[in-house]
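The numbers in the sequence shown follow numbering that gives the first Met the number 0, run straight up by one, and end at 181.
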Amino acid sequence: MPKTKAEGVCFGVIMSILMAFGMEVYNKAWQYGYASMPGGFSNMTNEVFLGALEEMYMAVFVFVISELYGNKSGRLLSARITDDEKDGAFTKMLYMGGCTVLVMCPSMSLIAAVLFNVILGGEPVSQLAAMWAGTVIKNFPMALIWNIFAAAPLTRLIFRLVFRRGENKERKKLAAECADKA
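Structure below.
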């Protein structure tokens, strides 16, 4: 994966865009009422995607927060609960993704509550704690699922396609070693 600072920034930009887009689609679907409709999210229309595209500026917030403290905090938390000798790379990757979401979701939920509810929505700031808590409760499960099963794998795929450097050879070697052990 990223080996230089510039590659790390590219990786972060890709991840930020994918996380922001996925979460904006989810939140627009909630906003448009698809969560409470019979059939739920399966009734979504393309207006959800267009609405999410209009709010892609949120990717800037995601990138800034992740670069300032989100990624580092996620790494530190996951390092406290994983064991380098017992846990494999996949397990450590899952823990790191989950711990990063544990930091990023409350942070981004606070930004969203202030921006969408207080500034743009005109809600009283006295209700900010409740709006923030509700936003975290609604978004955390989806952020975790979206990160682990969509955004992170897609980010790694896009990154590998852009920065090809023989990682397929390493992957084939590892697969061969696993097959030999089986």
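For each residue, glycine too, the CB sits at the ideal point set by N, CA and C.
May I have the straight-line CA-CA distance separating residue i from residue j, to the nearest angstrom?
i	j	result
Thr90	Leu127	36 Å
Ile16	Ala178	36 Å
Thr99	Met36	32 Å
Lys71	Gly11	12 Å
Leu143	Gly39	20 Å
Ile110	Glu176	46 Å
Phe62	Ile13	9 Å
Arg74	Leu67	13 Å
Ala88	Lys2	17 Å
Leu27	Ser125	What sits at residue 27 in the sequence shown is Lys, not Leu. Using only the alpha carbons, I get a separation of about 25 Å.
Which whole-angstrom value describes the C-beta separation of residue i and residue j, a residue pair presumed to lie in contact below a C-beta threshold of 8 Å?
i	j	result
Gly21	Ala150	6 Å
Quick check on residue i: does DSSP put it in helix, strand or coil?
i	result
Lys27	helix
Thr154	helix
Thr81	coil
Leu49	helix
Gly32	coil
Lys4	helix
Arg74	helix
Met55	coil
Glu66	helix
Got a sec? Which residues, its chain only, sit under 7 Å from residue i by beta carbon, not counting five neighbours each side?
i	result
Ser108	Trp131, Thr134, Val135 and Asn138
Met57	Ala19 and Glu23
Residues in its own chain within less than 8 Å of residue i by CB, not counting five upstream and five downstream?
i	result
Asp82	none
Val161	Cys9
Skipping 5 residues on each side, what residues in its chain have a beta carbon closer than 6 Å to that of residue i?
i	result
Phe158	Phe10
Ser77	Tyr94, Met95 and Cys98
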